[in-house]
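Quick note: the sequence shown uses this note's numbering, first residue 6, plus one each step. Here is the structure we will look at, set down as structure tokens.
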Amino acid sequence: MIGALALFWYGLVPVAGAFVSRRRWRIFRRRFDGLRLEPLLDYAAYCQGREGPYRFLGGFESVTDGHTLWIRGETLTIPVSLTGAHTYVLPLPKSGDIPAAFDPAEEAPERIRWDRVAALTEGAKVFIGGLLLMRDNRLTFTSTRESPLLVIFYDGSDRSLTARVIRAGRHRNEYWNPVTPYALILGASCQLIIAVSFLSRPAFRLTVITAVAAAFTPLFPLVPPGIVCTLLYRRLWWRARIFRAYRDLAGLPLKYLFPDKNSIPKSYSFPQVIEGKLPGGERYALVYRSEQPLEEIPALIPEHTSTRKEQGWYICGGFPKAAAQDTIIPDEPEDVFATYGVLPGRPDVLARRFNIQAYFLEIIAWLVLLFGIGLNAFFIGMIITLLS
């Protein structure tokens with residue numbers, strides 16, 4: 006029973022919480038990624054009273070009625086009902102500097118309650134995505150049960166927001182999630198209760214020692230010699246997290262080119278220009294080039310800028326207004342949410358490859374961690390045997 010309780014509270018419950026946490030962040034990224042395809046709210050659409058899904062960028066102006074946020078854009082100020090909205094703050098790195106747009110080492114966004122929004126600095130940048138509905142004779146961003154608003158407060162350039170959100174919107178350590186502290190406390194309490202229950206019975210001395218040792222099971226990965234495996238586990242898990250971020254970054258251009266992911270062709274005929282449309286009607290393109298493109302075009306995945314010559318390069322961005330088909334080099338799109346840069350391979354192929362690498366590293370990381378825990382448990386078991 007002691008082992009079963011330890012496995013349940015220290016293993017199954019936190020791992021279940023880890024899956025829930027990972028799913029929550031996956032929904033967050035997909036929600037933001039999907040909102041990139043919605044039209045950008047402007048003065049003309051607002052004056053015509055068009056309801057529907059929109060995205061909007063502006064500066065935090067004020068909070069009225071305790072739950073209505075006012076966002077000031079370039080041409081209009083729009084009310085946002087915070088009731089039911091999913092509100093986040095995208096933090097700066099500890100250094101205080103805005104990171105490079107595709108550096109994966111950023112803190113995860115912090116989920117905040119709507120009643121804390123008033124404490125934010127006036128003028129802070131805000132992204133709003135969701136339904137614009139008529140409320141009290143005015144158009145207001147409003148949450149529904151099926152479509153809650155996504156509100157993100159951030160610093161830095163608007164153009165880097167997409168990459169920063171997609172990169173950082175994932176838990177840094179899934180094992181340590183909201184249910185983990187309670188699981189550890191309850192698990193340790195159960196073991197100590199068992200130890201105290203049998204403390205007055207000399208015949209159950211081994212049970213008492215085992216229960217006390219089991220109460221400190223969460224510390225097993227942090228003591229020698231297993232701590233070496235724990236450090237290696239953290240290194241592998243962090244690397245897997247980076248590969249998951251690269252997977253999502255590589256897939257960003259496909260949203261505009263193939264809205265239905267099942268329509269992605271299995272093979273391309275090159276040289277070829279694949280064209281799509283941005284929500285505002287702007288033309289978007291994915292272009293293949295056999296030679297390395299201009300240095301001023303940003304690399305979407307900095308660590309993977311080298312490639313075999315036959316793989317070539319894939320440049321995504323706004324379709325140039327005047328260019329021959331065989332010399333097209335995409336420009337920086339007017340839509341700040343549209344991805345612009347170069348990839349060292351097909352976006353869909355790179356995304357699959359990074360996904361496989363991430364899962365492989367995660368499996369190896371778990372095996373290493375379990376080996377370290379087992380190693381420490383073996384030595385502790387020997388000590389308990391000697392004491393008994």
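Think of the CB as a built atom: it goes at the ideal place given N, C-alpha and C, for glycine as much as any other residue.
Closest to residue i by C-alpha separation, out of the options, would be which residue?
i: Gln196; options: Gly323, Pro223, Leu125; result: Pro223
i: Thr82; options: Arg116, Val94, Leu95, Gly63; result: Gly63
i: Thr390; options: Leu211, Ile190, Gly161, Leu283; result: Leu211
i: Val122; options: Gly71, Val18, Leu97; result: Gly71
i: Ala129; options: Thr147, Thr69, Val156; result: Val156
i: Ala304; options: Phe37, Leu254, Asp353, Glu280; result: Leu254
i: Ile320; options: Glu339, Arg351, Phe342, Gly8; result: Arg351
i: Tyr261; options: Ile32, Gly322, Ala245, Ile76; result: Gly322
i: Pro325; options: Trp243, Val292, Ser194, Glu127; result: Val292
i: Arg55; options: Leu366, Arg140, Thr69; result: Arg140
i: Ile171; options: Trp14, Thr73, Thr147, Leu40; result: Leu40
i: Ile333; options: Val278, Phe37, Ile369; result: Val278
i: Gln53; options: Gly192, Phe37, Leu138, Leu125; result: Leu138
i: Glu280; options: Arg35, Pro207, Pro335; result: Pro335
i: Asp120; options: Phe158, Glu127, Thr73, Ser162; result: Thr73
i: Trp14; options: Trp243, Ser162, Ala250, Phe221; result: Phe221
i: Glu367; options: Arg244, Arg294, Ile198; result: Arg244
Might you give, ordered along the chain, the residues of its own chain that have their beta carbon closer than 8 Å to the beta carbon of residue i, omitting 5 neighbours on each side?
i: Ala113; result: Trp30, Ala173, Gly174, Arg175, His176, Arg177
i: Val373; result: Cys234, Leu237, Tyr238, Leu241
i: Ala21; result: Val184
i: Leu42; result: Lys260, Tyr261, Pro264, Pro284
i: Ser152; result: Pro58, Gly135, Leu136
Within a Cβ cutoff of 6 Å, which residues of the same chain sit near residue i, ignoring the five residues on either side of it in sequence?
i: Thr145; result: Pro84, Ser86
i: Glu66; result: Trp75, Arg77
i: Ile7; result: Thr215, Ala216, Ala219
i: Leu189; result: Pro223
i: Leu200; result: In the sequence under discussion, the amino acid at residue 200 is Ala, which differs from the Leu named in the question. Within the same chain, Ala200 has close Cβ partners Val213, Ala216, Val217.
i: Glu339; result: Glu287
i: Gly89; result: Ser148, Pro153
i: Phe376; result: Cys234
Alpha carbon to alpha carbon, how far is residue j from residue i? Give it in angstroms, no decimals.
i: Leu257; j: Gly134; result: 18 Å
i: Leu136; j: Arg164; result: 23 Å
i: Leu97; j: Asp160; result: 7 Å
i: Asn142; j: Gly57; result: 16 Å
i: Leu355; j: Arg252; result: 7 Å
i: Phe248; j: Ile306; result: 10 Å
i: Thr80; j: Arg246; result: 39 Å
i: Val18; j: Leu154; result: 30 Å
i: Ala11; j: Gly379; result: 14 Å
i: Ala9; j: Ala216; result: 11 Å
i: Asp353; j: Thr69; result: 45 Å
i: Tyr364; j: Arg60; result: 33 Å
i: Thr147; j: Ile369; result: 45 Å
i: Ala168; j: Met387; result: 51 Å
i: Ile282; j: Ala193; result: Contrary to the premise, residue 282 reads as Lys rather than Ile in this sequence. The alpha-carbon atoms of Lys282 and Ala193 are separated by roughly 57 Å.
i: Ile232; j: Asn381; result: 9 Å
i: Trp318; j: Arg150; result: 43 Å
i: Ser26; j: Arg36; result: 15 Å
i: Ser205; j: Trp371; result: 39 Å
i: Phe383; j: Val131; result: 53 Å
i: Gly16; j: Leu125; result: 38 Å
i: Pro207; j: Leu191; result: 26 Å
i: Glu127; j: Phe158; result: 11 Å
i: Ala250; j: Ile385; result: 39 Å
i: Ser162; j: Arg28; result: 28 Å
i: Ser295; j: Glu337; result: 21 Å
i: Thr312; j: Pro44; result: Confidence is the limiting factor: at Thr312 the pLDDT is only 46, short of 50, which leaves the residue's position unreliable and the question unanswerable from this model.
i: Lys38; j: Ile198; result: It should be noted that the sequence gives Asp, not Lys, for residue 38. The straight-line gap from Cα to Cα measures roughly 49 Å.
Any heavy atom of the ligand NAD inside 7 Å of the beta-carbon of residue i?
i: Pro349; result: The ligand NAD is absent from the structure shown, which contains no ligand whatsoever.
Can you give me the Cβ contacts of residue i inside the same chain, cut-off strictly under 7 Å, excluding the 5 residues immediately before and after it?
i: Ala23; result: Glu179, Tyr180, Asn182
i: Glu301; result: none
i: Phe342; result: Arg41, Thr167
i: Phe33; result: Gly174
i: Phe203; result: Phe209, Thr212, Val213
How about the region 224 to 236 and the region 284 to 296: do they share at least three Cβ pairs that are nearer than 8 Å?
Contact between the region 224 to 236 and the region 284 to 296 is absent: fewer than three C-beta pairs spanning the two stretches fall below 8 Å.
Below 8 Å, can you find three or more Cβ-Cβ pairs linking the region 354 to 361 to the region 335 to 346?
Three or more Cβ pairs closer than 8 Å define a contact, and the region 354 to 361 falls short of that threshold against the region 335 to 346.
Kindly confirm or deny that the region 45 to 57 and the region 170 to 190 touch, where touching means at least three C-beta pairs closer than 8 Å.
No, because fewer than three Cβ pairs between the region 45 to 57 and the region 170 to 190 fall closer than 8 Å, the two stretches do not touch.
Is the region 83 to 96 touching the region 114 to 133 in the sense that three or more CB pairs, one from each, lie closer than 8 Å?
Contact between the region 114 to 133 and the region 83 to 96 is present, with at least three C-beta pairs closer than 8 Å.
May I have a chain-ordered list of the alpha helix (DSSP H) segments no shorter than 4 residues that lie completely inside the region 159 to 237?
Runs of the alpha helix (DSSP H) lying entirely within the region 159 to 237, each at least 4 residues long, are 166 to 173, 185 to 202, 210 to 220 in chain order.
Suppose only complete runs of 3+ residues qualify. What are the beta strand (DSSP E) ranges in the region 18 to 101, listed by chain order?
Runs found: 57 to 69, 73 to 77, 82 to 86, 91 to 94.
Would you mind listing the beta strand (DSSP E) stretches within the region 340 to 386 that are 3+ residues and don't spill past its ends, in chain order?
Whole beta strand (DSSP E) segments, 3+ residues: 346 to 348.
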